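*Asks:* Below is a structure I'd like to ask you about.
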Amino acid sequence: MGTQMTERFSAPGATLVKLFGRPAHESSEFAVRARRVRDIGVRTAVTQAVFVTALTLVSALALALVYGLGGFYALRGELDAGSVVALALLLTRLYSPLTALASARVDVMSALVSFERVFEVLDLKPLIQEKPDAQALPDAPTSVEFDQVRFAYPSADKVSLASLEEVATLDSRGGVEVLKGISFRAEPGQMVALVGSSGAGKSTIAQLLPRLYDVDEGAVRLGGVDVRDLTADSIRDTLGMVTQDGHLFHDSIRANLLLARPEATEEEIWDSLRRARLADLIESLPDGLDTVVGERGYRLSGGERQRLTIARLLLARPRVVILDEATAHLDSTSEAAVQEALAEALDGRTAIVIAHRLSTIRAADLILVVEDGRVVEQGTHATLLAEGGRYAELHSTQFDAPAIAA
Ligand SMILES: Nc1ncnc2c1ncn2[C@@H]1O[C@H](COP(=O)(O)OP(=O)(O)OP(=O)(O)O)[C@@H](O)[C@H]1O
Ligand SMILES: [Mg+2]
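First residue of the sequence shown: 1, per UniProt numbering; consecutive thereafter.
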């Protein structure tokens with residue numbers, strides 16, 4: 001019930017339900033879950049009541065027995081009245097701890113179930129683990145290298161716990177291979193661009209670099225070292241990434257920016273906002289940097305959100321930058337502005353840029369055309385255009401089509 005509430009009552013979820021959902025269907029689904037929670041609650045309460053009642057009954061009967069038998073023997077003179085009263089008193093003393101024990105039984109049973117789950121979570125081995133002898137990257141310009149990388153996303157039962165999910169949603173089928181032998185190299189300071197159809201595997205390549213997943217075959221290297229031999233800290237310090245969805249926490253703009261570098265000064269924050277062409281907007285907000293954004297706060301537009309994530313990247317000043325479709329939401333004017341800012345930010349840094357708009361990557365040192373998990377073409381803008389292959393095709397659909405339509 002909790003999962004459903006978090007999903008459906010979050011801002012994007014609620015919008016979706018309003019736009020497409022069938023309200024009656026949603027509430028009946030919620031009613032089904034609520035009914036199950038209620039039934040479990042009722043069952044627990046009934047079990048507890050039965051225990052307590054049974055115990056009360058037993059102790060009342062025992063007391064009656066003591067008085068009855070005791071009285072009988074006292075009348076016959078085989079037992080004195082004082083002993084009977086003492087026995088009855090002792091029995092009532094026994095009775096209250098027994099009642100407490102009966103209710104404890106229910107508590108212990110539910111606690112045991114919780115323990116089981118807690119230990120299940122604690123025992124779960126993380127998919128990605130740092131090696132005990134992991135090394136740190138030296139603070140120098142860093143190259144990026146993919147060497148015959150093959151990769152399939154792990155199946156759901158490897159990345160989640162069955163008892164935390166609805167069992168039906170977990171399947172153990174191994175994923176299909178998404179990357180089928182990707183090799184390329186970006187020298188320190190170079191910009192490598194990835195283009196290709198949707199679903200080709202571009203974002204997957206970007207996710208392997210910060211070691212969000214481990215490759216199945218081949219190797220991903222940062223500064224010549226396999227990422228599996230590096231410490232998580234040094235990977236974090238080296239890489240900066242702007243993801244496709246640009247998530248922000250429900251917190252102030254300042255806090256969202258400081259995530260990248262907690263010790264940044266006010267001046268540095270404003271500098272990065274200016275370079276991401278966002279300073280004017282933030283200045284115009286009544287609360288400025290303290291404006292709360294995210295889920296329930298001030299809702300930035302898609303483009304503003306992306307510029308904020310770019311500002312966060314500029315603040316972090318990583319040595320390797322990954323941009324996943326970072327300029328997709330921007331209109332032509334702000335795209336040009338952010339391009340300037342990015343050019344400045346990318347200067348001297350190694351960059352992997354994923355773009356659908358080919359205008360953003362003309363200057364790349366190397367352009368890889370990725371289709372179906374393979375690099376099908378590579379070269380610079382000029383050589384690829386001259387070759388007249390897939391890149392030239394993509395280029396002409398983007399730049400010629402509007403002209404024909406007009
Ligand atoms: N977490 C995941 N688990 C399983 N499969 C995934 C996961 N993420 C992506 N995929 C699959 O991997 C393939 C490549 O996805 P990827 O996100 O890398 O594409 P992309 O090239 O970035 O596409 P786009 O240009 O639309 O962003 C797709 O077929 C997708 O369905
Ligand atoms: Mg993508």
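Each residue gets a CB set at the ideal place from its N, CA and C atoms; glycine is no exception.
Given the structure is predicted, the values throughout are model-derived calculations rather than measurements.
#1: Could you tell me which of L112, D214, D107 sits nearest to Q129, measuring between CA atoms?
#2: Could you tell me if R117 is buried or exposed, where buried requires 16 or more neighbouring beta carbons within 10 angstroms of its beta carbon?
#3: Do you know how far the Cα of E145 is from the Cα of F151?
#4: Below 7 angstroms, is the gap between the Cβ of K180 and the nearest heavy atom of ligand 4?
#5: Looking at E371 and ligand 2, is the gap between the Cβ and the nearest heavy atom below 7 angstroms?
#6: Going by C-alpha distance, which of D147, G223, V84, R228 is nearest L69?
#7: Anything with a beta carbon under 7 angstroms from a heavy atom of ligand 2 counts; list them all in chain order.
#8: Tell me, which residues are paired with G379 by DSSP?
#9: Kindly indicate which three-state DSSP category K180 falls into: helix, strand or coil?
#10: Does the distance from the CB of L308 to the CB of L300 come in under 8 angstroms?
#11: Can you tell me whether A168 is buried or exposed? The criterion is at least 16 other CB atoms within 10 Å of its CB, across all chains shown.
#12: So, with DSSP's three-state summary, where would you put V320?
#13: Given a cut-off of 8 angstroms, decide if V192 and L208 are closer than it, judged by their beta-carbon atoms.
#14: Between the alpha carbons of L57 and V50, how many angstroms are there, rounded?
#15: Roughly how many whole angstroms lie between the Cα atoms of E283 and A156?
#16: Expressed to the nearest angstrom, what Euclidean distance is found between the alpha-carbon atoms of L278 and S252?
#17: Please classify L27 as buried or exposed, where buried requires at least 16 neighbouring CB atoms within 10 angstroms.
*Replies:* To lay it out plainly:
#1: D214
#2: Exposed, by the Cβ-count rule.
#3: 15 angstroms
#4: Inclusion of ligand 4 in the displayed structure is not the case, the ligand content consisting of ligand 1 and ligand 2 alone.
#5: For E371, the shortest separation between its Cβ and any heavy atom of ligand 2 does not lie below 7 angstroms.
#6: V84
#7: Result: K202, S203, Q244, D324, E325, I354.
#8: I367
#9: strand
#10: yes
#11: Here A168 scores only 49 on pLDDT, less than 50, and its place in the model should not be relied on; the value that follows carries that caveat. By the 10 Å Cβ count, A168 comes out exposed.
#12: strand
#13: no
#14: 10 angstroms
#15: 44 angstroms
#16: So the alpha carbons of these two residues sit roughly 15 angstroms apart.
#17: Checking the sequence, you will find Ser at residue 27 rather than Leu. So S27 counts as exposed.
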